[in-house]
Structure formats: C-alpha cells, structure tokens
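Numbering (the numbering used here), first residue to last: 159 to 261.
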C-alpha cells in the first residue's frame, strides 16, 4: 500500500514540475496539529516500561509502542494552459500531525 502512495506522490511531483511553475499561486499551507496521551504510573523505569508496553498505541505492525506520530500530507493543484503548454495555476497543501505519548 505504501508503495502505491509513493508512486502516486512521485508521479504528482513530476507532473507539477514538468508542467512548469511560472505564475504559480501558492495558498498558505493548512496545518492541523494534535496531541493525545495515555496515563502510566510506576516508581521505576522497569515498571514504566511495562506500562508503556501494555498501554501504548498500536503501530501499523500490530504491536504496542511507547509513542506514535500519525501524519497526513495532502496537496491539490489546478492545471492551466498557457500558450498551448500545460502549467500549474495554484497549489494547496494540507498537513495533519497527531502525536500520542505517555504522561
């Protein structure tokens, strides 16, 4: 699945640069940053580590981890034709980040 995303990303980037970026209008990037936490308690590093192993967020591998960062990067661009050549008229970028950690 991630290979398909990488391929789509690469193709999109190549398209943007192959069509030219003259007179390109960039809008301000939209960012959405969030954080969440889970509670752990203990009097030693061994106990705290065991708490994180038991309560930490599930990773894509199905295992629990002490913390996790999720991100979502999206972009949109509008194409235009200038003098019978393709071009990019505007670009919008959106980035969402969420971090999950113990407290």
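Think of the CB as a built atom: it goes at the ideal place given N, C-alpha and C, for glycine as much as any other residue.
Here the structure is a predicted model, which means the values were calculated and not measured.
- Here DSSP, grouped into helix, strand and coil, assigns residue 247 to strand.
- Going by C-alpha positions, residue 226 is about 34 Å away from residue 236.
- Rounded to whole angstroms, residue 185 and residue 195 show a C-alpha spacing of 32 Å.
- Cα atoms of residue 242 and residue 234: separation of roughly 22 Å, rounded to the nearest angstrom.
- Secondary structure at residue 186: coil, using DSSP grouped into helix, strand and coil.
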